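Notes to accompany the following structure.
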Amino acid sequence: MSARIGRVSGCGCAVVVSAILAVVLVVAVAAWMVSATGPGVKSRQLQPVPYEVPPAQPAPVALIDVHAPGRTADALDEWAQPLADESRIPAQALRAYGNAELIAKEAWPACHLRWSTLAGIGYVETRHGTYNGNWFKPSRLQEDGTPDPAIVGIALNGTNGTANIADSDGGRIDGDSTYDRAVGPMQFIPQSWQRFGSDANGDGVADPHQIDDAAMGAAALLCAGGRDLSTSEGWTAAIMSYNASDAYVRSVGMAANSYAVPQPATS
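Numbering (this note's numbering), first residue to last: 330 to 596.
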């Protein structure tokens, strides 16, 4: 389901490219240092994170009424804010993951999905709705939970290590009427969204670009087929159903285990 996201194309001069990459690296490192030590951010030593499958249990989600009208994830703000500070997950994304866990607990009680697994996928796919392939113009989650700029992956045309998936939605979701593309914070392709798409923010529309809906769609996909994510086999099978790659499974697992500490994912 995951697809590579298109990167900024370079110029044809190796010297210029090298210079640009050097500048980008310096800027990226500087930005990371500022984000890690800037005002309001506590300096901390990251702990070694053992790899466990299923991942270690994260902080429990505060109980809210997921049947209330409107955007129920907003009721998790008090729960999410301290965890957001510790994990560096945007609070809005964290609320979406927690909301999806609570809905899944009612819908599929035998699934045992935890928010940290959704967060692990969100981190690997798009850094929680912020990575779009353009280092110079990263996305940000807007107030309504959609990334700006929108996150749309490269065409799944069989090149660049992708599968060959012809258009399945007339370009309605991904803007491409020739090939499918993965979209949104959790990188759904249109045909998967048609099966698992959900409305979790109460606006009556199942939108893969909206973080609450995308997290709930991911929960539906992971829990499909009666999987039990409290077992090693069930958890691994669920992540493989999202992206059939051993490396992907390990990356999601490492991120999910980091969030259980809680601390930022680093891999």
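Think of the CB as a built atom: it goes at the ideal place given N, C-alpha and C, for glycine as much as any other residue. Small disclaimer: the values here were computed from a predicted structure and weren't measured.
Among G513, D557 and R524, which one has its Cα closest to the Cα of A433?
-> D557
Exposed or buried, L375, counting other C-beta atoms within 10 Å across all chains shown (16 or more means buried)?
-> exposed
For my contact list, G513 and I483 are in at a C-beta cut-off of 8 Å; report their separation, rounded to the angstrom.
-> 14 Å between Cβ atoms; not a contact.
Taking Y508 as part of the alpha helix (DSSP H), name the residues at either end of that continuous run.
-> From DSSP, Y508 is part of no alpha helix (DSSP H); its letter is neither H nor E.
So what does R556 bridge to, in DSSP terms?
-> None, per the DSSP bridge assignment.
Should Q386 be labelled buried (16 or more other beta-carbon atoms within 10 Å of its own) or exposed?
-> exposed
Which class does L442 belong to by DSSP, given the choice of helix, strand or coil?
-> coil
In or out: M515 buried (at least 16 other Cβ within 10 Å) or exposed?
-> buried
Alpha-carbon to alpha-carbon, F525 and R417 | 28 Å
If you compare alpha carbons, which of V390, E435, L392 and C440 is closest to S561?
-> C440
At what residues does the alpha helix (DSSP H) containing Y571 begin and finish?
-> S561 to Y571
DSSP three-state call for R424: helix, strand or coil?
-> helix
Is it true that the region 399-416 meets the region 576-595, where meeting means three or more beta-carbon pairs spaced less than 8 Å apart?
-> yes
So what does R469 bridge to, in DSSP terms?
-> D477
Whether I540 touches A422 by CB criterion (7 Å) = yes
Between the Cα of Y296 and those of W564, T491, L405 and F465, spot the shortest distance and give me the residue it belongs to.
-> An answer regarding residue 296 cannot be provided, because it is not within the stretch 330 to 596 covered by the chain.
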